[in-house]
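Engineer: Can you keep this structure in mind? I'll have questions shortly.
Protein chains: 2
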Amino acid sequence: MTSSLPKISTQPSVLPPKDSRRRVSQALQALQESICQKLEALDGKSTFQEDRWQRPDGGGGRSRVIKQGGIFEQGGVNFSEVWGHNLPPSILVQRPEAAGHEFYATGTSMVLHPHNPYVPTVHLNYRYFEAGPVWWFGGGIDLTPYYPFAADVVHFHQTIKAACDRHHHEYYPAFKRWCDEYFYLKHRQEPRGVGGIFFDYQDGRSQLYHGPEKAGAAAQYSQDVGKLPARNWEDIFAFIQECGSAFLPAYMPIVEKRKDLEYGDRQRDFQLYRRGRYVEFNLVYDRGTIFGLQTNGRTESILMSLPPLVRWEYNYTVDSGTPEAELYDTFLKPQDWVSWPL
Amino acid sequence: MTSSLPKISTQPSVLPPKDSRRRVSQALQALQESICQKLEALDGKSTFQEDRWQRPDGGGGRSRVIKQGGIFEQGGVNFSEVWGHNLPPSILVQRPEAAGHEFYATGTSMVLHPHNPYVPTVHLNYRYFEAGPVWWFGGGIDLTPYYPFAADVVHFHQTIKAACDRHHHEYYPAFKRWCDEYFYLKHRQEPRGVGGIFFDYQDGRSQLYHGPEKAGAAAQYSQDVGKLPARNWEDIFAFIQECGSAFLPAYMPIVEKRKDLEYGDRQRDFQLYRRGRYVEFNLVYDRGTIFGLQTNGRTESILMSLPPLVRWEYNYTVDSGTPEAELYDTFLKPQDWVSWPL
Numbered sequence: 355m356t357s358s359l360p361k362i363s364t365q366p367s368v369l370p371p372k373d374s375r376r377r378v379s380q381a382l383q384a385l386q387e388s389i390c391q392k393l394e395a396l397d398g399k400s401t402f403q404e405d406r407w408q409r410p411d412g413g414g415g416r417s418r419v420i421k422q423g424g425i426f427e428q429g430g431v432n433f434s435e436v437w438g439h440n441l442p443p444s445i446l447v448q449r450p451e452a453a454g455h456e457f458y459a460t461g462t463s464m465v466l467h468p469h470n471p472y473v474p475t476v477h478l479n480y481r482y483f484e485a486g487p488v489w490w491f492g493g494g495i496d497l498t499p500y501y502p503f504a505a506d507v508v509h510f511h512q513t514i515k516a517a518c519d520r521h522h523h524e525y526y527p528a529f530k531r532w533c534d535e536y537f538y539l540k541h542r543q544e545p546r547g548v549g550g551i552f553f554d555y556q557d558g559r560s561q562l563y564h565g566p567e568k569a570g571a572a573a574q575y576s577q578d579v580g581k582l583p584a585r586n587w588e589d590i591f592a593f594i595q596e597c598g599s600a601f602l603p604a605y606m607p608i609v610e611k612r613k614d615l616e617y618g619d620r621q622r623d624f625q626l627y628r629r630g631r632y633v634e635f636n637l638v639y640d641r642g643t644i645f646g647l648q649t650n651g652r653t654e655s656i657l658m659s660l661p662p663l664v665r666w667e668y669n670y671t672v673d674s675g676t677p678e679a680e681l682y683d684t685f686l687k688p689q690d691w692v693s694w695p696l
Numbered sequence: 355m356t357s358s359l360p361k362i363s364t365q366p367s368v369l370p371p372k373d374s375r376r377r378v379s380q381a382l383q384a385l386q387e388s389i390c391q392k393l394e395a396l397d398g399k400s401t402f403q404e405d406r407w408q409r410p411d412g413g414g415g416r417s418r419v420i421k422q423g424g425i426f427e428q429g430g431v432n433f434s435e436v437w438g439h440n441l442p443p444s445i446l447v448q449r450p451e452a453a454g455h456e457f458y459a460t461g462t463s464m465v466l467h468p469h470n471p472y473v474p475t476v477h478l479n480y481r482y483f484e485a486g487p488v489w490w491f492g493g494g495i496d497l498t499p500y501y502p503f504a505a506d507v508v509h510f511h512q513t514i515k516a517a518c519d520r521h522h523h524e525y526y527p528a529f530k531r532w533c534d535e536y537f538y539l540k541h542r543q544e545p546r547g548v549g550g551i552f553f554d555y556q557d558g559r560s561q562l563y564h565g566p567e568k569a570g571a572a573a574q575y576s577q578d579v580g581k582l583p584a585r586n587w588e589d590i591f592a593f594i595q596e597c598g599s600a601f602l603p604a605y606m607p608i609v610e611k612r613k614d615l616e617y618g619d620r621q622r623d624f625q626l627y628r629r630g631r632y633v634e635f636n637l638v639y640d641r642g643t644i645f646g647l648q649t650n651g652r653t654e655s656i657l658m659s660l661p662p663l664v665r666w667e668y669n670y671t672v673d674s675g676t677p678e679a680e681l682y683d684t685f686l687k688p689q690d691w692v693s694w695p696l
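So the protein sequences, as listed, match chains A and B.
So for the first sequence, the working numbering puts the first residue at 355; every next one is plus one.
So for the second sequence, the working numbering puts the first residue at 355; every next one is plus one.
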């Protein structure tokens, strides 16, 4: 099996290369650049506006936002590169070796909210940390459709799985489970959408799962997989880049296919209602959002993930037998999308 | 000075009366009842729909919601009465004597979101806890206007102050400060609205302020006031009832005065934008909301506080010299509203 995984080294390198920060930062900026270019061409009406900002405690970023476009009602693609004296306690619990060390963190994150309710919302984030003796990569990509097109979800998952499989056959099954567990609204007993992949603390150690939920399916899977081949910094960096490159082929064909479908008030109302779940997830559960808000991050860049228009309705329910009900009954449950019969 | 405060007893009673739970519960249900009746009459178009619910771990409630009314786009008035084995850690930090004891909690809470941007949003909550050797009352009322009518804010604060003053001259100044500190969005560096009063852990002890922010203005004021006359359970229960009764005279005249003012897209857009702050506060900071969501409360009743329609816009700013700018510059700062020159 190792022969089909040429990018996995047999010996892990404990230390990142000397130019690790520059290389990751450049790759993530290039990802932001290529995504924005392609999305602008796709949108055809609006363009990304850039704000460069400085973080008083070290570093800064460039936020790019598209508003009232032909396709995108609002979308943001952020890049940031920050450093400072101490990582927050929530991270140190997972990486106690980082305590007392200066940290470096860089990341690209994106959320797109299309006008048309038949086009799904999408989220992407890839990030890299160094702090004293430790370094790790994290991130993922996930899809939140409003209407139940199985072909779109299958395409999205298959494209991501193919990118994962080029690096390690265990990545997709582990990180798909982790995504289902992370993007979950406990108070609604619902996942945010149809998932994708999510991972954190990837540093080459054999264990794939490093999260707070020790009893979850992702943790169980990671344990079942057992000892993986050693992976070094280059392996994981290459994997992150591959994941970033998979975004456009995973998402663009879905937009192309659905962007001109006609819709009415019913579909728009349902989309605005479901966007409420996005707000609830990001403000109540999302680690990055809450951490950013409570530690003097740039609020406008953090909350660019919130939808441009949202509605809440007390005791809202969907009628059975409708597409809206199918979304709840089938799509808002963890499913084995890559093998889904079409 | 004691002669002007006839309701303050000279001897505090350590224990509540035997029928304390029944009396508070009945008073809070009667408050819900009278508020709903008057709001329905005022609205003139829609009525409150009631849902009764049971809490699996003990107790339940009745939620009343008005939707798409003549005045109220959405509003909810909840009553709940619950009990169980253990209070959550966030409360036990403030009242360690309650640890290991069964608790009882009852409360009425309300949020109204009017259609017309010239009519402010209002929030009210009064609650009572018993747990082993300790009992306390908490709650308050606060106003969130979208447009800067100083007369409305002065009327609101003066009505509440008058209710407070009938019980103790130190209540309003202490609880007004506490309200300004509690309803504060740190990540926006903004209060949620123009405040009102907020208090917690009122059990007759001389100290008025019992919050986590030891260095705040409310804590300082409470310390400066020094030893208050002793207050017993009856005193504080009477105060809570007076506060509840002050809601309609504090809010209804404002609605009457503004409900027929004409407005356009500009005012509506601003209202929807500002409602985003309400969502951010309730989901990121509000103790009751977060506690409820994370501990299997009834989600629909908890989130009935969220506005029916909300918008977010990246890097939104207001033009100087406009009413919207006046809201930010003057109304979204703590002010001495009862002495405001009109």
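By construction, the Cβ of each residue, glycine as well, lies at the ideal position given by its N, Cα and C atoms.
To the nearest angstrom, how far is it from the Cα of A/GLY570 to the Cα of B/VAL609?
Structural biologist: Taking the straight line joining both Cα atoms gives about 51 Å.
Engineer: I'd like to know whether the C-beta of A/ASN669 is nearer than 8 Å to at least one C-beta of chain B.
Structural biologist: Yes, its Cβ sits closer than 8 Å to a Cβ of chain B.
Engineer: For the alpha helix (DSSP H) that contains B/ASP397, what are its first and last residues?
Structural biologist: Counting along the chain, the alpha helix (DSSP H) containing B/ASP397 begins and ends at 374-397.
Engineer: Check the DSSP bridge columns for A/LYS421 and list the partner residues they point to.
Structural biologist: In the DSSP output, where bridge partners are listed per residue, A/LYS421 has A/GLN428.
Engineer: Under 9 Å, CB to CB, which of the residues in the region 415-433 of chain B have a partner in chain A?
Structural biologist: Taking 9 Å as the Cβ-Cβ cut-off against chain A, the residues of the region 415-433 of chain B that qualify are SER417, VAL419, LYS421, GLN428, GLY430.
Engineer: Please confirm whether B/SER400 and B/LYS421 have their CB atoms less than 8 Å apart.
Structural biologist: Contact: yes.
Engineer: When the distance is taken between beta carbons, is A/HIS522 closer than 8 Å to A/TRP691?
Structural biologist: No, these two residues do not count as a Cβ contact at 8 Å.
Engineer: Using the C-alpha atoms, what's the distance from A/THR684 back to B/HIS455?
Structural biologist: Distance between the alpha carbons of B/HIS455 and A/THR684: 43 Å.
Engineer: Residues of the region 603-636 of chain B with a CB closer than 9 Å to any CB of chain A: list them in chain order, please.
Structural biologist: So the list reads LEU626, GLY630, VAL633, GLU634, ASN636, given in the order they occur along the chain.
Engineer: Going by the DSSP bridge assignment, what does B/SER434 pair with across the sheet?
Structural biologist: The partner list for B/SER434 (beta bridge, DSSP) reads B/GLY415, B/GLY461.
Engineer: Hey, could you find the ends of the beta strand (DSSP E) B/GLN556 is sitting in?
Structural biologist: It spans 549-556 - the beta strand (DSSP E) in which B/GLN556 sits, taken as one unbroken run.
Engineer: What three-state label does DSSP hand B/LEU486 in the structure shown?
Structural biologist: Going by the sequence as given, residue 486 of chain B is Gly instead of Leu. Three-state DSSP puts B/GLY486 in coil, outside helix and strand.
Engineer: Could you name the residues that DSSP lists as bridge partners for A/ILE495?
Structural biologist: Partner(s): A/LEU478, A/ILE551.
Engineer: Could you work out which residues of chain B lie near A/HIS541, taking near to mean beta carbons separated by less than 9 Å?
Structural biologist: In chain order: GLY646, LEU647, GLN648, ASN650, GLY651, THR653, ILE656, LEU657.
Engineer: So, using beta-carbon positions, are A/GLN386 and A/THR462 closer together than 8 Å?
Structural biologist: Contact: yes.
Engineer: State the start and end residues of the unbroken alpha helix (DSSP H) segment that holds A/ARG629.
Structural biologist: That run of the alpha helix (DSSP H) goes 619-634.
Engineer: Could you check whether the Cβ of B/LEU478 sits closer than 8 Å to any Cβ belonging to chain A?
Structural biologist: B/LEU478 does not count as touching chain A.
Engineer: Spell out a yes or no on whether the region 483-493 of chain A and the region 669-687 of chain A are touching, meaning 3 or more CB-CB pairs, one atom from each, closer than 8 Å.
Structural biologist: The region 483-493 of chain A is not in contact with the region 669-687 of chain A.
Engineer: Are the beta-carbon atoms of B/ALA452 and B/LEU466 separated by less than 8 Å?
Structural biologist: Contact: no.
Engineer: Can you tell me which of the three DSSP states A/PRO527 falls into?
Structural biologist: In the structure shown, A/PRO527 sits in a helix (DSSP, three-state: H, G or I).
Engineer: Just grab the DSSP bridge partners of B/GLU544 for me.
Structural biologist: Partner(s): B/LEU539.
Engineer: Since B/TRP666 meets chain A, which of its residues come closer than 7 Å, beta carbon to beta carbon?
Structural biologist: Per Cβ cutoff of 7 Å: LEU657, LEU660, PRO661, PRO662.
Engineer: First and last residue of the alpha helix (DSSP H) that includes B/GLU596?
Structural biologist: Segment 587-612, the alpha helix (DSSP H) holding B/GLU596.
Engineer: So with CB distances below 8 Å, who are the chain B contacts of A/ASP405?
Structural biologist: Residues of chain B passing the Cβ test: ASN669.
Engineer: Of the choices A/PHE491, A/ALA604, A/TRP666, whose alpha-carbon is the least far from that of A/ARG628?
Structural biologist: For A/ARG628, the nearest C-alpha among the options comes from A/TRP666.
Engineer: Helix, strand or coil for B/GLU616 per DSSP?
Structural biologist: It is coil, neither helix nor strand.
Engineer: For B/TRP407, which residues does DSSP report across the bridge?
Structural biologist: BP columns for B/TRP407 point to B/GLY415.
Engineer: For B/GLU567, which residues in the same chain have their Cβ closer than 7 Å to its Cβ, ignoring the five residues on either side in sequence?
Structural biologist: Closer than 7 Å at the Cβ level, and outside the excluded window around B/GLU567, lie GLU535, ALA573.
Engineer: I want to see whether chain B comes within less than 8 Å of A/VAL436, judged by CB atoms only; does it?
Structural biologist: Not an interface residue.
Engineer: Exposed or buried, A/THR676, counting other C-beta atoms within 10 Å across all chains shown (16 or more means buried)?
Structural biologist: When all chains shown are included, A/THR676 counts as exposed.
Engineer: Take every Cβ of the region 628-645 of chain B, pair it with every Cβ of the region 542-554 of chain B, and state whether three or more of those distances are shorter than 8 Å.
Structural biologist: The region 628-645 of chain B, when compared against the region 542-554 of chain B, does touch it at the 8 Å Cβ threshold.
Engineer: What residue range is occupied by the uninterrupted beta strand (DSSP E) comprising B/LEU446?
Structural biologist: Taken as a continuous stretch (DSSP letters only), B/LEU446 belongs to no beta strand (DSSP E), being part of the alpha helix (DSSP H) at 443-446.
Engineer: Would you list the residues sitting across from B/HIS467 in a DSSP beta bridge?
Structural biologist: For B/HIS467, which the question treats as bridged, DSSP gives the partners B/GLN428.
Engineer: Could you tell me whether any Cβ in chain B is nearer than 8 Å to the Cβ of A/LEU686?
Structural biologist: False, the Cβ-Cβ gap to chain B never drops below 8 Å.
Engineer: When the Cβ atoms of the region 495-515 of chain A are set against those of the region 577-586 of chain A, are three or more pairs found closer than 8 Å?
Structural biologist: These segments do not touch.
Engineer: Short of 8 Å Cβ to Cβ, which residues in the region 454-475 of chain A face chain B?
Structural biologist: Residues passing the 8 Å Cβ filter: none.
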